[in-house]
Structures are given as C-alpha cells and as structure tokens.
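First to last, the sequence lines map onto chains F and G. In this text, residue positions in the first sequence follow the working numbering: the first is 1, and each later residue adds one. In this text, residue positions in the second sequence follow the working numbering: the first is 1001, and each later residue adds one. For every residue, glycine included, the Cβ atom is placed at its ideal position computed from N, Cα and C. Step one of this worksheet: look at the structure below.
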Amino acid sequence: MDSITSRHITEIFRLIALRLSEARTDLGALDGAIGDADHGNSMAEGFAAVVRATSALTDAPPSELFSLAGRSFHSAVGATTGPLYASAMAAAARDFAGKPALTASDLVRVLPSFARGIAERGKARPGDKTMMDAWGPAARVASEGLAQNLSAAHCLDKAEAAAREGCESTRAMVASVGRAARLGARSLGHVDPGAASAVIIIAALREWVIGYESTLAKGGA
Amino acid sequence: MQRFLNDPDDLVDETVAGFVKAHRDLVHLLPENPRVVVSNFAPQAGRVGIVTGGGSGHEPAFIGYTGRNLVDAVAVGELFSSPTAKSFADAIKAANGGAGVAVLYGNYAGDNMNVKMAARMVAKDGIEVATVVANDDVCSAPAAEREKRRGVAGEIFMWKIGGAKAASGASLAEVQAAAQKAIDACRSVGVGLGPCTLPAVGHPNFQIAAGQMEVGIGHHGEPGTRVEPLRAANDVADDMVRIVMDDHSLPAGSEVAVLVSGLGATPVNELYVLYDRIEAQLVGMGMTVYRAFVGNYFTSLEMVGATLTVMALDDELKALLDMDCASPAL
Chain F
1 MDSITSRHIT EIFRLIALRL SEARTDLGAL DGAIGDADHG NSMAEGFAAV
51 VRATSALTDA PPSELFSLAG RSFHSAVGAT TGPLYASAMA AAARDFAGKP
101 ALTASDLVRV LPSFARGIAE RGKARPGDKT MMDAWGPAAR VASEGLAQNL
151 SAAHCLDKAE AAAREGCEST RAMVASVGRA ARLGARSLGH VDPGAASAVI
201 IIAALREWVI GYESTLAKGG A
Chain G
1001 MQRFLNDPDD LVDETVAGFV KAHRDLVHLL PENPRVVVSN FAPQAGRVGI
1051 VTGGGSGHEP AFIGYTGRNL VDAVAVGELF SSPTAKSFAD AIKAANGGAG
1101 VAVLYGNYAG DNMNVKMAAR MVAKDGIEVA TVVANDDVCS APAAEREKRR
1151 GVAGEIFMWK IGGAKAASGA SLAEVQAAAQ KAIDACRSVG VGLGPCTLPA
1201 VGHPNFQIAA GQMEVGIGHH GEPGTRVEPL RAANDVADDM VRIVMDDHSL
1251 PAGSEVAVLV SGLGATPVNE LYVLYDRIEA QLVGMGMTVY RAFVGNYFTS
1301 LEMVGATLTV MALDDELKAL LDMDCASPAL
C-alpha cells in the first residue's frame, strides 16, 4: 500500500526537527565535552531549514522532497554535519526515484539509504566514534527486519535499539575521524554527539510510523 | 567567563560586521551572503582568484588575510566549525576573474567535504577550481602520514605565496603549485599553557592544569604529544625549534621565514621572548632568518600559548613573500 506521500514526509521532518530542538541543549553539552559544542544548534537549525523548505512542496514525489531537504540542510549548516546529512538525504532521494508514494517499509529503507550516504561522504568506519556507530547498526538491523518481513514499526523498534546501543558504545571509543578525532584520548568516556543525534532522528521516525500505523488500524489516514 | 558578549549566537555575525566596518578600505561583505568576506580588489579579470575559509575564533585568521595580492574571498564558519559548502561556493564565485580559483585551506574533515562540494557547485558555472590543503602541524601525525596532519599557522604563508603568485599573472596550475610548494616548505608546532572556552558552552573545552604545558597542541585544543611541567621560556623555545627542525631536516645555509603566533591570550611581549631564543637557535643550526613575523597572526579564542612555523625558502618563495600586499592582518 503506497500511501505515504510528501505531506507525510514533511510531517516526519517536522517531528524530527521538534525532537532535535528539544534536545538542542543536551546535544550541545555532549559536543562541548569533546567537540566544538555546536552540534545541537547545527542539527536543530538544519532540520528547521528542511521543514521550511519542504512545507510548501506537498505535491512533489518523495524523491524530490528528499532532494530538496538535502539541499536546504546543506545551505543552512556547514561544519561536518551539513555535508553528511545532505549526502544522506541525497542517497534517499536516489533510492526513491520514480516512486509517486512510499510504503511504511520504504520509510524503514530510509535508514540504509542515510547510512550509505553518510558513509560515502564521511568515510568513517564502525568504531571511529562518529554518527556511523549509530547509523551503521540501525541500518543493518532495519534491513534484516525487512528481509524477515517484520512490520515497519517492528523494524524501527529494533533499529532504534541498535542505534542506542551503538551510540552508547561510542563512550568506550577514542575518536579517529572528524572533529573529535583532534581530541584523541580526551574523547574517551563521552558519547559521540553525532551518534546521539542519529538516535533522536531514528526515534522520531519510529514515533511517526507508530502513530501512522495506529491511525490506519483505526480506519483513518 | 569574563568576555565581551551580547548573545553568544550572534558572536560570529557581530565579529564579521565589525571587521568589515573597521577595514572598509580593504574588504566588504558579499551582499547576498553575509558569511563571505571579499577583498575590495577582487575579482580581477584574467587573474586567478584566491579563496580560503574556516571556522571563526582564529582571528585575525581567516578574514584578516583578505586584501590586495593576498586572499580574494573568505568563507566564514561558526566558531571552530567549517563554513557551509554554499559559503565556499559563493566565495569562489566572488573571487572568480575568469582564470580559475585556487582554494587554499586547512586539513579538517568538515572543510575537506565542504570545499569539495563547493567545487562541484561552481563547476556548473564553468569555474575551474584547484585546491591546496595545508598540513603543516608536525605533532598531529607522523611524517609518514603527512596527509593526516592538520593545517595551522603555515596557512598564512600558503596564502601569502599563493596570493602573490596569482598577482604575478600566473595560471591556475602555477598558483596551485606555488601554494603547494609553500605549505610543503612549512613545519609548525604549538605549545598550550591554558585552554579556551566557547562562549555558548561557558566552560573550557579541555583542561591544562596550572604549572603544566601541552607540547604539540592543536588550534582547537587537540591534544599534544606531551603534557609536562611548564619550563623557562628558553627551554620551551628550544623544544619548539627541535620539533620543527627535526621534521624539516634542512641543510645548513638554508634561508627560512619564521612565524611566531600567539594563541589568543599570551602577551605579545612573551612572543618576542620566545622569538629571541628561537632565532638564536636557528642561527646556531646554520639557518639564515630571511624574514620574521611575531604577533597574534592565527589565534584560538583565548587559549594561552604560541605556535612556531618555519618555512624553508628558495628564490621564488622569497620573491613572492616580499611582494607588496595589503590586508587587515598582513
């Protein structure tokens, strides 16, 4: 059932922006411990820009929406985060090319798309203490779930848990890529802020899908 | 925090606003992008444009090197944070005089990605872009992995040489080669005595205990190779010279340019105390100091400490170093 349109995707972006905005101070504090303290602001402002840009585009196909989201994130945010999420959204746009609407399972596929886009641009590997330590496991678990024909909500339950675990594991890592790499052993004991914001994005996606499926179950949409 | 602040979120915009007012004879803001500072002399038709960019908090770098025969346009990022790809792209367009643009920047993850994306963005406008990535910071990686080293104050020499080469009417490939030669001839080291604080965070990003120093520290507080008790200035200067010159291995009789920069909160007179000993040591090694630069050229907010950069010179680099230029910082 291909019923998820650009209007829904904009809702998802709005929910992600809201959750990131709520976490802005906490993310900034995490980043202050090992980075340049701007991560909370960058992520919140980046997704706020995405919402502003995509709100008017409710009739466009999902691919075009993700493409615009990537471009608007990109022009709003510099740092290291800007190009990484721009690349993530561009990868999703490519993967959804030609689809007039998405299924809930397609939303699960956003995770491997994002992970691929981020990995291509950032070249970080698992264990480097970056956002990939959350995106990598989440994408893998999400794909496995789809292969086992699990429901979208179930896939995202597992993906969020995997992302949280991956994020927590960064506490025991010494950064070797990205800005925190310049802090070397000083980054030990702190959760990577990029991994922490990845968890928030995945959790928001899950939150939206659960709400959507429960609405469907009640016969709405 | 004892700082001159309004809203910390406005700090970068206010810095740039004050900067272009104070130096309106040399620079202006790009009207369509207030995160790009442009030289009043740019673009020059038929001449290669020079662009750089990076996080704020290093003033007078990067904006201070915008001007005549130096950098044509600078992309400005948040504190210690890379500018957007769009700002790099807008800077490239502003610097473009039709002969291509050389982007000369430091080796940091965000800058590498944003410059690469910017180059792709301006390719649509038919602007040819060449890049040179500064990696002069000796302690940030071993010599065998020089491509991993960070760019620090040696970037100033890279900009000076690249800007002068462009002013001489050289092609994009020639400007790129000269800037690459300049940074390849540079080795730098930093010593930190006290940390720095991002105003929005409100507490230091890292700690250096009283009575300690960190040898090999980076421009954002990246850890050095040694933390040890603070010694007399001459001993610190000797250490800095040894680290830089061991990596350089220059033959006796070489001519060098020397740059000693404060990291923000070190009194300038102490930089001269260091320089006095640094020059004596270099001369003792058979070097001739052709030119010296001592002052706050490339800072890290209010970090206490200093960096030393030594650039080996040949006739071409000497001539380019000596070429007249005008910018707020040089």
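Item, Value
"8 Å Cβ cutoff met for residue 43(F) and residue 143(F)", "no"
"Alpha-carbon to alpha-carbon, residue 1012(G) and residue 1005(G)", "11 Å"
"Ranges of the beta strand (DSSP E) found wholly within the region 1148-1205 of chain G, counting only runs of at least 3", "1186-1194"
"Every unbroken beta strand (DSSP E) within the region 1213-1246 of chain G, with a cutoff of 3 residues, ordered by chain", "1226-1229"
"Outcome for residue 1152(G) when other beta-carbon atoms lying within 10 angstroms are tallied against a minimum of 16", "buried"
"Residue 1214(G) beta carbon near the ligand HEM (any heavy atom closer than 7 Å)", "No copy of the ligand HEM occurs in the structure displayed, which carries no ligand at all."
"N- and C-terminal bounds of the beta strand (DSSP E) containing residue 1050(G)", "1049-1056"
"In chain order, each beta strand (DSSP E) run of at least 3 residues that lies wholly inside the region 1275-1313 of chain G", "1288-1295, 1304-1313"
"Among 1208(G), 1200(G), 1181(G), 1143(G), the one whose alpha carbon lies nearest that of residue 1192(G)", "1208(G)"
"Chain-ordered chain F contacts of residue 1303(G) [CB-CB under 9 Å]", "By Cβ distance, chain F contributes nothing, its closest Cβ being about 14 Å from residue 1303(G), past 9 Å."
"Buried or exposed (CB count within 10 angstroms, at least 16 for buried), residue 1082(G)", "buried"
"Proximal residues to residue 210(F) (C-beta, below 7 Å), its chain only, five neighbours per side dropped", "153"
"Reduced DSSP category for residue 174(F) - H, G, I as helix; E, B as strand; rest coil", "coil"
"Rounded distance between the beta-carbons of residue 1240(G) and residue 1189(G), thought under 8 Å", "5 Å"
"CB contact check: residue 1081(G) to chain F, cutoff 8 Å", "yes"
"Partners in chain F for residue 1087(G), counting only beta-carbon separations shorter than 8 Å", "78"
"Below-8 Å beta-carbon distance, residue 1078(G) vs any chain F residue", "yes"
"Near-chain F residues of the region 1105-1131 of chain G - C-beta to any C-beta below 7 Å", "1109, 1110, 1113, 1114, 1117"
"Listed by chain order, chain F residues near residue 1084(G) by CB distance under 8 Å", "74, 75, 76, 77, 78, 82"
"Length of the line joining the Cα atoms of residue 221(F) and residue 212(F)", "Here the model assigns residue 221(F) a pLDDT of 49, short of 50, so the residue's position is not dependable and the matter cannot be decided."
"Residue-level contact to chain G via CB, residue 121(F), 8 Å cutoff", "yes"
"Opening and closing residue of the beta strand (DSSP E) in which residue 1146(G) lies", "Element bounds for residue 1146(G): n/a, residue is neither H nor E."
"Span of the beta strand (DSSP E), counted from its first residue to its last, around residue 1105(G)", "1101-1106"
"Those residues which DSSP pairs with residue 1132(G) across a bridge", "1104(G)"
"Exposure label - residue 1318(G); buried when at least 16 CB within 10 Å", "exposed"
"C-alpha distance - residue 97(F) paired with residue 1105(G), whole-angstrom precision", "36 Å"
"Short Cβ contact (8 Å threshold) for residue 80(F) with residue 1117(G)", "no"
"Backbone secondary structure at residue 1067(G) - three-state DSSP", "coil"
"Opposing strand residues paired with residue 1261(G) [DSSP bridges]", "1295(G), 1307(G)"
"Enclosing alpha helix (DSSP H) for residue 1114(G) [first to last residue]", "1109-1123"
"Candidates 122(F), 67(F), 135(F): closest to residue 95(F) by CA position", "67(F)"
"Range of the contiguous beta strand (DSSP E) that encloses residue 1074(G)", "1073-1079"
"Complete alpha helix (DSSP H) runs within the region 118-165 of chain F (minimum length 4 residues, chain order)", "132-147"
"Cβ separation of residue 30(F) and residue 193(F), assumed to be a contact under 8 Å, to the nearest whole Å", "4 Å"
"Outcome for residue 1124(G) when other beta-carbon atoms lying within 10 angstroms are tallied against a minimum of 16", "exposed"
"Exposure label - residue 1229(G); buried when at least 16 CB within 10 Å", "exposed"
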